[in-house]
Every structure is written in structure tokens, then in C-alpha cells.
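Below is one structure, written out as C-alpha cells; comments come after it.
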Amino acid sequence: MGIFMSCCKPSASDVLTPDAETRRRQQVEAAERRLAEQAARGVKDPERVKRMQQRSEEMEKREQELQKDGGPTLRWTSE
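Have a look at this one:
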């Protein structure tokens, strides 16, 4: 019985392990994939969320520029 089982099991030389650089690259890819999945968890449209975040950042940047310049100037118009 032991002879039969030993022929079915692959030998240690048949099992290939990737080199250190390949393993590192695979681990980095897996970590990036996990981060992307975590960021998208519970969100129907992740692209929409990114656009909204960009808009809010632009608005904050504009507000800071206006405050730095002395605030918005008001114009009176009469018709």
C-alpha cells in the first residue's frame, strides 16, 4: 500500500516555487486587489464616488484660494 501512495504523490522536485521577486510581485498585486475591494465595499458605483470626491476637493481648493486672495468680490448691478 505504501508503494502505491508514493507514486501518486508528486515529488518535491516537481513542485515549483516562484523565485523571491515573483512572490513579492504577486503579494503586491494581491494587496492592491484587497485594497480596491475594501474601498469598493458597499458602493454601487465606485467611479461616481471618485468623481464626487474630486469635485469636493476642487471646491475646497477654490475656497482656499478665495480666502487667500481676500475673499470673493461683490458686484452691484443695477438695471
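For the sequence shown, the residue numbers in the numbering used here are 43 to 121. Where a beta carbon is used, it is the ideal one built from N, C-alpha and C, also for glycine.
Closest by CA to residue 92, which one among 118, 72, 70 and 78?
Here residue 92 corresponds to residue number 50 of the sequence shown, with the count starting at 1. Considering only alpha carbons, the answer is 78.
Give me, in chain order, the residues of the same chain whose beta-carbon lies closer than 7 angstroms to that of residue 94; leave out the 5 immediate sequence neighbours on both sides.
The sequence position of residue 94 within the sequence shown is 52, counting from 1. Same-chain partners within the cutoff: there are none.
Classify residue 83 as helix, strand or coil using the three-state DSSP reduction.
What you label residue 83 is simply residue 41 of the sequence shown in a count that begins at 1. In the structure shown, residue 83 sits in coil (DSSP, three-state: anything other than H, G, I, E or B).
What does the alpha-carbon distance come out to for the pair residue 69 and residue 76?
Taking the sequence shown and counting its residues from 1, one reaches residue 69 at position 27. Taking the sequence shown and counting its residues from 1, one reaches residue 76 at position 34. Looking at the two C-alpha atoms, the distance is approximately 10 angstroms.
At what residues does the alpha helix (DSSP H) containing residue 104 begin and finish?
Position 62 of the sequence shown, counted from the first residue, corresponds to residue 104. Here the alpha helix (DSSP H) through residue 104 covers 88-110.
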